[in-house]
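Those letters in the sequence shown? Residues 95 to 346, by my numbering.
In what follows, a single structure is set out as structure tokens and then discussed.
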Amino acid sequence: PSEGESADGEGEALDGGQGMMAEVSASPAQDAAPGPTDESTPADPGGEALEQGHRQSSFRFQAISTSTLTRKTCGLDMEGQIHCWGRFSLSDVEVPAPPGRYRALSVTTTHACAIRDDDTALCWGRDADGQATAPQGKFVQVSAGTGFSCGLRPGGTMECWGHNDYGMLDPPEGSFSQVALGPSFGCALRSDSRIACWGAPVGMAAPPEGRFKHVAPADVHICAIREEGAIVCWSLGDMEPTHDRPGTFLQT
Numbered sequence: 095p096s097e098g099e100s101a102d103g104e105g106e107a108l109d110g111g112q113g114m115m116a117e118v119s120a121s122p123a124q125d126a127a128p129g130p131t132d133e134s135t136p137a138d139p140g141g142e143a144l145e146q147g148h149r150q151s152s153f154r155f156q157a158i159s160t161s162t163l164t165r166k167t168c169g170l171d172m173e174g175q176i177h178c179w180g181r182f183s184l185s186d187v188e189v190p191a192p193p194g195r196y197r198a199l200s201v202t203t204t205h206a207c208a209i210r211d212d213d214t215a216l217c218w219g220r221d222a223d224g225q226a227t228a229p230q231g232k233f234v235q236v237s238a239g240t241g242f243s244c245g246l247r248p249g250g251t252m253e254c255w256g257h258n259d260y261g262m263l264d265p266p267e268g269s270f271s272q273v274a275l276g277p278s279f280g281c282a283l284r285s286d287s288r289i290a291c292w293g294a295p296v297g298m299a300a301p302p303e304g305r306f307k308h309v310a311p312a313d314v315h316i317c318a319i320r321e322e323g324a325i326v327c328w329s330l331g332d333m334e335p336t337h338d339r340p341g342t343f344l345q346t
């Protein structure tokens, strides 16, 4: 699983791809505009609605993104509106989900990012390192990691923003079709369907050879789906090796 992208950063996120629908209980979106917050005022769209027993409404979602290291989840409903519940890491201030219509969504432990209908990006949550201050211009995909974010421009080039402790803001050059972020590293699919990864404090093991259709970083390992549907996983640095599972997969 990866954390934070809408078709998929750190912690982990499981997202329903476009066209995948799920009916879940969620807090209705609020009307106030959200925005990034500094270290002293971390934001939390959705707040503690579940824990406080607030009335929930049922929505049909085209995409879901969640951070399993915290209890933060956001969903993109069939009308393109965002609904969030749970809370970001270290968050004690509630900020509503952003109003408007969106087509992609990514949630991580500290913040979330989304792409509007006009293809511009918006991020909200903790912004101590600029991770929730999205650059101007159009994006086709966005992914949120812990303390940093990355997005793909219409031409497939990648741009990252936020903190850069382990080179997270220095992604490989080239054209990409997907980007997905872990806690302090990222992986992306090149236009030729090969995987490139960067960042990580413990060193990054070389990704497997071959062509892939989906990649999903987690805390200390990465999984990817080969073009024929087989899944392969590998660990960061010299961590214990992971074990692949038999079968054919669409997404991880």
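Ideal placement from N, C-alpha and C gives every residue a C-beta, glycine not left out.
Owing to the predicted nature of the structure, the values given are computational and were not obtained by experimental measurement.
Beta-bridge annotation (DSSP): residue 205 is paired with 219. For residue 166, the beta-bridge partners assigned by DSSP are 161.
245 is the residue among 270, 238, 245, 221 whose C-alpha sits nearest the C-alpha of residue 229.
Closest option to residue 200, judged by alpha-carbon separation, among 211, 158, 174: 158. DSSP, read as helix, strand or coil, puts residue 340 in coil. Sequence-distant partners of residue 293 (beyond 5 residues in either direction) whose C-beta falls short of 7 angstroms from its own C-beta, in its chain, are 260, 261, 262, 278, 279, 280. Put simply, the backbone Cα of residue 308 is about 20 angstroms away from that of residue 209. Residue 280 carries a strand assignment under DSSP once its states are collapsed to helix, strand and coil. With fewer than three CB-CB distances shorter than 8 angstroms, the stretch 213-232 does not count as touching the stretch 268-278. Scanning 312, 322, 341 for the CA closest to the CA of residue 328 turns up 312. For residue 318, the secondary structure class from DSSP, reduced to helix, strand or coil, is strand. In the structure shown, residue 248 falls within a coil segment according to DSSP collapsed to helix, strand and coil.
When DSSP states are grouped into helix, strand and coil, residue 309 belongs to the strand group.
Within the same chain, 286, 287, 288, 320, 321 come within 8 angstroms of residue 305 by CB-CB distance, once the 5 residues on both sides are set aside. Within a 10 Å sphere around the beta-carbon of residue 283 sit 16 or more other beta-carbons, which makes this residue buried. Considering only 204, 247, 176, 252, the residue with the shortest C-alpha distance to residue 213 is 247. Here residue 344 is exposed: its Cβ has fewer than 16 other Cβ atoms, across all protein chains shown, within 10 Å. When DSSP states are grouped into helix, strand and coil, residue 227 belongs to the coil group. Sequence-distant partners of residue 295 (beyond 5 residues in either direction) whose C-beta falls short of 8 angstroms from its own C-beta, in its chain, are 259, 260, 278.
In terms of CA proximity to residue 238, 161 leads the group 161, 342, 324, 325. Residue burial is scored here from C-beta neighbours: residue 192 has at least 16 other C-beta atoms within 10 angstroms and is therefore classed as buried.
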